[in-house]
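Protein chains in written order, with the working numbering: chain H, 19 to 316; chain B, 62 to 346.
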């Protein structure tokens with residue numbers, strides 16, 4: 019008897035499965051991407067009218083003080099947020115990873131829950147929490163520490179601090195989950211060996227745990243930087259659809275949104291979009307280079 | 062270390078964790094209690110109004126008036142239905158489309174597969190705001206502005222979804238099983254639905270939830286694409302409500318509770334899927 023011949027599938031089969039991706043990507047990603055390249059060399063008034071102005075948008079952007087304000091604010095926010103978030107998330111993960119700890123699932127649930135609240139709703143909640151005197155933060159801090167000013171002007175004078183505090187509440191638990199997963203992958207033999215050698219908690223962390231979780235830490239930092247540079251809803255909703263007092267809450271994506279959809283210049287908005295994309299690609303490239311250098315060094 | 066000693070050593074850990082948990086939970090508690098208070102009680106009590114009821118709380122002063130007003134006068138039921146429709150349709154269709162794409166890349170050998178995989182990987186780094194202005198122009202050209210089609214169609218095949226399903230299919234669906242089904246005479250579509258999909262069910266559940274929550278919480282998309290107030294989902298409707306009733310804290314908190322509670326219930330029911338979905342991307346990435 020002949021061996022059973024494997025029935026071949028039609029050459030079209032893979033393309034039928036890939037069709038949704040190919041069609042949607044082609045129509046709603048690749049084509050707009052091309053368009054946005056063209057748009058970035060045009061000045062437009064809404065989608066209807068456009069004038070070709072060459073590199074005018076980019077030249078104007080580099081001289082635009084508002085763009086620099088937006089970039090400086092966004093970078094300050096990203097730096098402050100990531101700098102505080104990593105130790106907090108990692109610290110919570112290390113505490114939750116302690117052997118013999120009970121209620122781990124419950125703690126994880128409470129820490130993780132805020133990350134499911136949308137940025138808009140986080141902005142609503144913190145808009146109320148940060149109210150002078152009536153908000154929970156001023157009133158509770160004053161009750162706990164009488165020296166704390168009950169009229170502390172969070173959203174008036176401490177815009178960046180407010181944005182970072184709200185973001186920490188939202189994201190510390192999410193990144194803690196990533197760190198926790200990484201910690202649970204640290205081989206127990208390594209930890210046991212370190213214990214046998216008489217390593218203290220700090221040495222164990224520094225020489226055993228840290229090298230093992232470094233790839234995940236790099237991933238968390240990169241994702242957080244990329245996400246931070248796209249900040250928009252939080253200040254926009256918190257400051258009543260505005261950039262906040264003295265533009266202290268103006269971010270790059272907010273400036274893009276305002277240029278494209280309030281001023282109506284889709285060309286200028288596209289130019290901002292490309293500069294943002296360039297920045298993020300450079301950030302991703304730097305992170306990969308650092309990770310590779312790290313690997314080669316060890 | 063023996064048992065009781067170890068438990069004692071954990072005591073400070075419990076203290077720190079409990080303190081952190083309280084801090085994280087306070088905003089939720091404050092929003093929920095504020096939504097149940099009159100304007101007067103909002104200003105005079107921090108959480109629940111003091112009184113001589115059970116636990117020293119004036120339970121009878123709590124009121125559902127804020128919720129009644131939201132639902133009867135301010136058009137929130139419509140926004141709730143819009144959000145429900147938008148998030149369910151997006152998540153179900155996106156899960157199916159991404160699973161199909163991932164299946165094609167993982168389980169077929171065909172010309173163009175390498176290129177397609179490279180495109181998926183390259184698309185991962187496109188920041189969504191870059192597509193905002195040209196995407197708006199395209200939707201205007203297609204006549205899809207101010208419609209849910211304009212909001213849902215572009216969201217059907219996020220690159221990270223196709224990538225996640227490619228990984229899941231590579232690791233979880235043995236090619237021998239597909240070949241065996243072919244020998245048995247099953248068609249390609251049937252193999253996908255009856256052999257491949259059941260094997261990646263955990264990933265389907267996780268991805269479904271993540272895209273549901275993503276669409277539910279999406280603000281910038283509906284804000285840019287939709288213009289008619291009847292079409293607004295909760296995110297946009299609530300922001301407009303805040304613009305009009307900015308100092309009616311009871312209304313705003315009640316609206317926030319209505320917007321956040323469905324996602325929280327989903328999370329409480331399906332925690333494991335949520336967390337496994339998140340870490341699947343991280344560990345592979």
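Glycine included, every Cβ here is placed at the ideal spot set by N, Cα and C.
Which runs of the alpha helix (DSSP H), 4 residues or longer, sit entirely within the region 239–280 of chain B? 249–252 and 262–278
Environment of residue 69 of chain H [buried if 16+ CB atoms lie within 10 Å]: exposed
Drop a sphere of 10 angstroms on the beta-carbon of residue 326 of chain B, count the other beta-carbons inside from all chains shown, and report buried for 16 or more, exposed for fewer. exposed
I want to verify the contact list: residues of chain H whose CB lies under 8 Å from the CB of residue 307 of chain B, in sequence order. 258
For residue 23 of chain H, is the classification buried or exposed, using 16 other Cβ atoms within 10 angstroms of its Cβ as the cut-off for buried? Confidence at residue 23 of chain H is low in this model, with a pLDDT of 49, below 50, so its placement is unreliable and the value that follows should be read with caution. Classification of residue 23 of chain H: exposed, given that the 10 Å Cβ count is below 16.
Mind pulling the chain B residues with CB within less than 7 Å of residue 230 of chain H? Under the 7 Å cutoff, chain B gives no residues; its nearest Cβ is about 13 Å from residue 230 of chain H.
What residue range does the beta strand (DSSP E) around residue 68 of chain H cover? 67–70
Member of H:277, H:153, H:156 and H:101 whose CA lies at the smallest distance from the CA of residue 58 of chain H: H:277
Mapping the DSSP letters down to three states, classify residue 189 of chain H as helix, strand or coil. helix
Under 8 Å between beta-carbons, which chain H residues line up against residue 4 of chain B? List them in chain order, please. The first residue shown for chain B is 62 and the last is 346, placing residue 4 of chain B beyond what the model contains.
Excluding the 5 residues flanking residue 294 of chain H on each side, which residues of the same chain have their C-beta closer than 6 Å to its C-beta? 270
Give a yes or no on whether 8 Å exceeds the smallest Cβ distance from residue 251 of chain H to chain B. yes
Tell me which same chain residues have a C-beta within less than 7 Å of the C-beta of residue 230 of chain B, skipping the five on either side of it? 163, 164, 167, 168, 257 and 261
What do you reckon, are the CB atoms on residue 284 of chain H and residue 98 of chain B nearer than 8 Å? no
Terminal residues of the continuous alpha helix (DSSP H) containing residue 149 of chain H? Note, residue 149 of chain H: premise wrong, no alpha helix (DSSP H); not H, not E.
For residue 52 of chain H and residue 133 of chain H, believed in contact at Cβ under 8 Å, the rounded distance: With 8 Å as the limit, residue 133 of chain H and residue 52 of chain H do not qualify as a contact, their Cβ atoms being about 35 Å apart.
Classify residue 183 of chain H as helix, strand or coil using the three-state DSSP reduction. helix
Take the Cβ of residue 143 of chain H as the centre, count every other Cβ of all protein chains shown within 10 Å, and call the residue buried at 16 or more, exposed below. buried
Chain B contact residues for residue 27 of chain H, given Cβ-Cβ distances below 8 Å: 169, 243 and 249
Given this structure, state the Cα-to-Cα distance separating residue 185 of chain B from residue 305 of chain H, to the nearest angstrom. 16 Å
Hey, how far is the Cα of residue 345 of chain B from the Cα of residue 202 of chain H? Summary for residue 345 of chain B: the model assigns pLDDT 42, below 50, so the residue's position carries little reliability; its value from the coordinates is reported in the next sentence. Between residue 345 of chain B and residue 202 of chain H, the C-alpha separation is close to 15 Å.
Kindly give me the distance between the Cβ atoms of residue 273 of chain H and residue 84 of chain H, rounded to whole angstroms, as I take these residues to be in contact under 8 Å. 6 Å
If you run the structure through DSSP and keep just helix, strand and coil, what is residue 118 of chain B? strand
Same chain, Cβ closer than 6 Å to residue 269 of chain B, neighbours up to 5 away in sequence not counted: 152 and 156
Around the C-beta of residue 227 of chain B, are 16 or more other C-beta atoms found within 10 angstroms, so that it is buried, or is it exposed? buried
At what residues does the alpha helix (DSSP H) containing residue 130 of chain B begin and finish? 126–134
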